Amino acid sequence: MRVLFVISTIGRGGAERVMSVLSNELSKSIDVSILKFDDSKPFYEISNKVKVFSLKSSVGDQGIAGNFKKRFGKVFKIRKFIKNNKFDAIIPFLDTTNILVLLANLGLKNRVIASEHNNYKFLSSPFLRILRRVVYPLADGLTMLTKFDWDYYKFVKNRAILPNPMFEFKKSSFSKENLILSAGRLIPHKGFDAFLRSISLADKELLNGWQVIIAGDGEERANLEKMAKDLGLDVCFVGFVKDIQNYYTRAKIVAVNSRKEGFCNILMESIYFECARISTDCIAGPSELINDGVDGFLCKVDDEKEFSKKLEILLKDENLRYKFTQNANLRKDEFKVENITKKWLDFIEICIKG
1 MRVLFVISTI GRGGAERVMS VLSNELSKSI DVSILKFDDS KPFYEISNKV KVFSLKSSVG
61 DQGIAGNFKK RFGKVFKIRK FIKNNKFDAI IPFLDTTNIL VLLANLGLKN RVIASEHNNY
121 KFLSSPFLRI LRRVVYPLAD GLTMLTKFDW DYYKFVKNRA ILPNPMFEFK KSSFSKENLI
181 LSAGRLIPHK GFDAFLRSIS LADKELLNGW QVIIAGDGEE RANLEKMAKD LGLDVCFVGF
241 VKDIQNYYTR AKIVAVNSRK EGFCNILMES IYFECARIST DCIAGPSELI NDGVDGFLCK
301 VDDEKEFSKK LEILLKDENL RYKFTQNANL RKDEFKVENI TKKWLDFIEI CIKG
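This is the structure we're talking about:
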């Protein structure tokens, strides 16, 4: 079986890491190639069994017309590539790339399995939303991360909820510290401003002796650092870290205060590192990864008082933290890379057979 993944770049990002992990694992049993739209070196490690191709694309004109020309000019280059190379299945990653590949495949007989890695509401362009609705039914299959998206994409014939796989890690025992970890891109919808305000509302005596670390970079970093200072908080901003497991192994608590998510990898990954979890119940993902009060806490979006109160409960109740981590452990097998890879292989075969 020959499979081609298509993605705009293999830079740092959640979907990019998932595709890297998945392609490496699949390459152990099938022929895997990757087509990317840029010439940059992959940020994540790619197995030497995986062939990587770059779709060289001209910059084009500036402005709206230029962006349109640049984006849809790729359609013809993708089409040329997939006509000249034989694959049993083509799997684009992320909504815009899904659209481009499906357009490129018009009139061809390639099996295309589109793969969503954000919730469907993330796509803000009205034009692209309409185009998605028109071309997605042409896909031979569609993968998504949550039931929230499963319910929306009823107009695609073959659908599968395929959660992100857990990346491999070496340590089996952890040396835990009084550390609260939050991680992600420092952008508005990740809600780090609300997280900082929630921390500022928490009992100072309970927070005493605890370290708060935010891992990630983004446009809001300077504003968030200033906010933390203005609120009198001792928060450590460590920037983007490639090997976040070094923080997971130390953290007793993982906190997410997002306003929207596609899946929320940090809530899945922290299961494996025995971190007690607290998150906003945003669209989409957290409610499918946390059973409130059983293996973590869920809070209303932007309800900083509720988040603060539940965080206080975790800070002072070691037994509850232990209960949450042990109950979450029951789901470990669900996200193991070998199990997710098996589900992918099964779904690819279903879509190829039609």
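Mapping of the sequence shown onto our numbering: position 113 corresponds to residue 113, and the numbering continues sequentially without gaps.
For each residue, glycine too, the CB sits at the ideal point set by N, CA and C.
In this text the structure is predicted, and so the values were computed from the model without any measurement.
Boundaries (first-last residue) of the alpha helix (DSSP H) holding residue i
i, result
"L102", "D95 to A104"
"E325", "Here residue 325 turns out to be Thr, not Glu, going by the sequence shown. Start and end: E318 to N329."
"P92", "No alpha helix (DSSP H) holds P92; the beta strand (DSSP E) holding it covers A89 to P92."
"N147", "The identity of residue 147 in the sequence shown is Lys, whereas the question assumes Asn. K147 to Y152 is the span of the alpha helix (DSSP H), which, as asked, contains K147."
"G14", "G14 to L26"
"A228", "R221 to D230"
"D193", "F192 to L201"
"D346", "V337 to K353"
Which listed residue (the options) has its alpha carbon closest to that of residue i
i, options, result
"V212", "Q245, S200 and S287", "S200"
"N118", "M144, S125, A104 and N110", "M144"
"D295", "C275, G11, K74 and N84", "C275"
"F195", "D217, N105 and S258", "S258"
"F148", "A284, L142 and K154", "A284"
"I214", "G184, D230, A202 and R197", "G184"
"F335", "K260, L22, R12 and F5", "L22"
"L345", "D88, F72 and V52", "D88"
"N190", "D230, T280 and K229", "It is worth fixing the name first, because residue 190 is Lys in this sequence and not Asn. K190 has its Cα closest to that of T280, out of D230, T280 and K229."
"K49", "A104, I244, K305 and D31", "D31"
Test: residue i CB closer than 8 angstroms to a CB of chain D
i, result
"F169", "Of the protein chains in this structure there is only one, and it is not chain D."
Residue i, buried or exposed, once every other Cβ within 10 Å from all chains shown has been counted against 16
i, result
"P188", "exposed"
"P355", "Any question about residue 355 goes unanswered here, given that the chain covers just 1 to 354."
"N164", "buried"
"V235", "buried"
"G66", "For G66, the predicted structure reports a pLDDT of 48, less than 50, and the residue's modelled location is therefore unreliable. A value from the coordinates is still provided. With fewer than 16 Cβ atoms within 10 Å of its Cβ, G66 is classed as exposed."
"G354", "exposed"
"V59", "Below a pLDDT of 50, predicted positions are generally treated as unreliable, and V59, at 42, falls in that range; the measurement from the model is reported next regardless. V59 should be labelled exposed."
"V134", "exposed"
"I10", "buried"
"S8", "buried"
"G209", "exposed"
"I82", "buried"
"G63", "Low confidence applies to G63: its pLDDT is 45, below 50, so where it sits in the model is not reliable enough to give any reading."
"D193", "buried"
"S198", "buried"
"D61", "With a pLDDT of 41 at D61, under the threshold of 50, the modelled position of this residue cannot be trusted; read the value that follows with caution. Under this definition D61 is an exposed residue."
"K300", "exposed"
"N246", "exposed"
Whole-angstrom C-beta distance between residue j and residue i, which should lie under 8 angstroms
i, j, result
"V3", "I91", "6 angstroms"
"F43", "E16", "7 angstroms"
"C282", "D140", "Rounded, the Cβ-Cβ distance is 31 angstroms, inconsistent with contact."
"I348", "I113", "7 angstroms"
"V256", "S182", "7 angstroms"
The beta strand (DSSP E) enclosing residue i, as first and last residue numbers
i, result
"G239", "V235 to G239"
"C299", "F297 to C299"
Near the ligand ADP: residue i beta-carbon under 7 angstroms from a heavy atom
i, result
"K353", "Within the structure as shown, the ligand ADP is missing, as the structure has no ligands at all."
Is there contact here, the region 221-229 with the region 324-333, by at least three beta-carbon pairs under 8 angstroms? no
Spell out a yes or no on whether the region 165-183 and the region 241-259 are touching, meaning 3 or more CB-CB pairs, one atom from each, closer than 8 angstroms. yes
Between the region 285-304 and the region 253-273, can you find at least three pairs of beta-carbon atoms closer than 8 angstroms? yes
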